[in-house]
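J.:
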Amino acid sequence: MKLFIYLTLSLFLAACASAQNTQTIQIYKLDGARQCEGEGISVAAMQAELVGIRVHAAEKSHLPDVMFPAVCGGGTGSINVYTIDAQQRRQAEQRGFALLPAAATP
């Protein structure tokens, strides 16, 4: 009986482990924010562009190591970042998103 319980438990644990073995990546897109003009596109609103792509996480961030001159109407470097399955990268890139460099991971 103990052997049966052990084997059953092992089977369930193995099934759970394989289900979460998906490789993910982070993609981003500028949110369109302009200096002196307020906020850009929200994370939730831009996520609508990713219909059909599974989004694991979403957040607002800034482009690292990029400087923007202080001028009204100029860019801010504000971006929306999404964590998606790696195999859906091409679909996201076709919609204008880019791979977030490893050094830029928020």
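If you count by mature numbering (1 follows the signal peptide of the UniProt record, and there is no 0), then the sequence shown holds residues -19 to -1, 1 to 87, one letter each, in order.
The beta carbon of each residue, even a glycine, is placed where N, CA and C say it ideally should be.
None of these values were measured; they are calculated from a predicted model.
Between the alpha carbons of Arg76 and Met27, how many angstroms are there, rounded?
T.: Spanning the two alpha carbons is a distance of roughly 11 Å.
J.: Where do the ends of the alpha helix (DSSP H) carrying Gln75 lie?
T.: Residues Arg70 to Gln75.
J.: What's the gap between the Cα of Pro82 and the Cα of Gly13?
T.: One C-alpha to the other measures close to 20 Å.
J.: Three or more C-beta pairs closer than 8 Å, one from the stretch 2 to 9 and one from the stretch 62 to 76: is that the case here?
T.: Verdict: yes, contact present.
J.: For Ser(-2), does the three-state DSSP call read helix, strand or coil?
T.: Note that Ser(-2) scores a pLDDT of 48, beneath 50, so its modelled location is shaky; the value from the coordinates is reported in the next line. Note: Ser(-2) maps to helix in three-state DSSP.
J.: State the CB to CB distance for the pair Gln69 and Ile22, rounded to an integer number of angstroms; the pair is presumed to be in contact (CB under 8 Å).
T.: Not a contact, Cβ separation roughly 21 Å.
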